[in-house]
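Engineer:
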Amino acid sequence: KPRVLSLVQPTAASLHLGNYLGALRQWVPLQDDHDAFYGVADLHALTVEQDPKELRQRTLRSAAQLIAAGVDPEKSTIFIQSHVPEHTQLSWILGCLTGFGQANRMTQFKDKSARGLGDQASVGLFTYPILMAADILIYKADRVPVGEDQRQHLELTRDLASRFNHRYGRTFVVPEPHIVASVGRIGDLADPVGKMSKSSSSPAGIIELLDEPKINIKKIKSAVTDSEREIRYDLEAKPGVANLLTILSALTGTPIDALVESFRGLGYGDLKGAVADVVGEVGGAYRERALGLIEEGTELEGILAAGAERARSIAAATVAEVYDKVGLLPR
Ligand code: ATP
Ligand code: MG
25 KPRVLSLVQP
35 TAASLHLGNY
45 LGALRQWVPL
55 QDDHDAFYGV
65 ADLHALTVEQ
75 DPKELRQRTL
85 RSAAQLIAAG
95 VDPEKSTIFI
105 QSHVPEHTQL
115 SWILGCLTGF
125 GQANRMTQFK
135 DKSARGLGDQ
145 ASVGLFTYPI
155 LMAADILIYK
165 ADRVPVGEDQ
175 RQHLELTRDL
185 ASRFNHRYGR
195 TFVVPEPHIV
205 ASVGRIGDLA
215 DPVGKMSKSS
225 SSPAGIIELL
235 DEPKINIKKI
245 KSAVTDSERE
255 IRYDLEAKPG
265 VANLLTILSA
275 LTGTPIDALV
285 ESFRGLGYGD
295 LKGAVADVVG
305 EVGGAYRERA
315 LGLIEEGTEL
325 EGILAAGAER
335 ARSIAAATVA
345 EVYDKVGLLP
355 R
């Protein structure tokens, strides 16, 4: 079976609608015909300041949400990144193959550091894409389901895999991105030109799936649109309306054209009402399942322990192979 790998960061108490549509929901069908590795990237979360107690909670909550979204521990390996220390070992080796100029071209670092961090941005945030490359390459994953926001990082990963293979002989699989074009990127409700993001969206702009449904309904009803009245899909001129159409289409499976047709003569309030209804439906079931797992606890711990064990057995073999190839002296 081809292998897939994808991780989420535990940077918030709840995952958001962008994570769900752009990532988690796509993971579910892949586990049927792939050897799937899904996890929580707690080391990545440390690239910005975290409260230790909160980070631990969020890591567990994120793992519960993968399962709530439909990832099945019987089919997929579910693990926590820091439980597999080999990721950071490989990351060092890959960092030594990455040009400073190439790392410096990563736009997410620029976006994130520009949004408030400025000179306070950590070296960890800068080297984050290299650790992400290690996360993927260490399992020799064939495909990586990610949102559009990660495309550039995946390009770097592919580049590093090829460079290593070229220099030291065939070792890594050069992974393909798996991006569902129609839901490539969910926008921030309050600032739809920007992406919905755990770390940079304002509370009004983000649909947190573990929030009470009524809070999310209110946010959808207050979503920023434009001063026209016509419902049509125009990403440039009408990013807010386009975003609502994207969300509705992704959640209902109705193509955007058909939605636009069905809203002919209706107003933005009707569109928002329809979005609020489906988000409420999907969010309700998700919330119940995640909160149940978090409360119960021991089942989730067992799943994560088994996941770490399987992940480590593969990761350790890759690191041994890499250490040997680059010329490190065996112990
Ligand atoms: P952070 O702001 O802390 O980076 P994030 O909101 O970007 O958080 P991640 O944990 O980095 O979320 O990403 C998890 C997955 O969700 C990734 O595969 C990413 O591509 C996807 N994703 C994140 N935001 C969006 C979005 N707005 N639309 C579609 N997919 C998204
Ligand atoms: Mg992100």
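First residue of the sequence shown: 25, per UniProt numbering; consecutive thereafter. Note that beta-carbon positions come from the ideal geometry of N, C-alpha and C, so glycine has one too.
1) Three or more C-beta pairs under 8 Å: does that hold for the segment 160–178 against the segment 237–255?
2) What residues are listed by DSSP as bridge partners for residue 22?
3) Between which two residues does the alpha helix (DSSP H) harbouring P263 extend?
4) Within its chain, find whatever has a CB closer than 8 Å to the CB of A335; leave out the 5 residues flanking it on each side and keep chain order.
5) Just curious, the alpha helix (DSSP H) that R167 is in, first and last residue?
6) With C-beta atoms as the reference, is I210 less than 8 Å away from K219?
7) So the candidates are Y292, T276, E319; which of them puts its Cα closest to the Cα of E305?
8) Alpha carbons only, please: which of L259, T195, L149, K349 is nearest the one belonging to L67?
9) In whole angstroms, give me the CA-to-CA distance for R194 and V299.
10) Quick test of the definition: if touching needs 3 or more C-beta pairs under 8 Å, does the segment 75–92 touch the segment 28–36?
11) Give me the residue from L155, P53, R139 with the minimum Cα distance to C120.
12) Give the range of the alpha helix (DSSP H) segment to which residue 1 is assigned.
13) On the DSSP letters alone, give me the boundaries of the beta strand (DSSP E) that H190 sits inside.
14) Is the shortest distance between the beta-carbon of I102 and the beta-carbons of chain C less than 8 Å?
15) Below 7 Å, is the gap between the Cβ of A87 and the nearest heavy atom of the ligand ATP?
Structural biologist: This is what the structure holds:
1) no
2) Here the chain covers residues 25 to 355 and nothing more, so residue 22 does not appear.
3) 263–276
4) F61, G63, T101, F103, H107, V108, Y163
5) It is not in any alpha helix (DSSP H) - R167 instead sits in the beta strand (DSSP E) that spans 167–169.
6) yes
7) T276
8) L149
9) 48 Å
10) yes
11) L155
12) With the chain represented from 25 up to 355, any question about residue 1 goes unanswered, as that position is not in the structure.
13) Per DSSP, H190 belongs to no beta strand (DSSP E); it is in the alpha helix (DSSP H), 175–192.
14) No chain C is part of this structure, which consists of one protein chain only.
15) no
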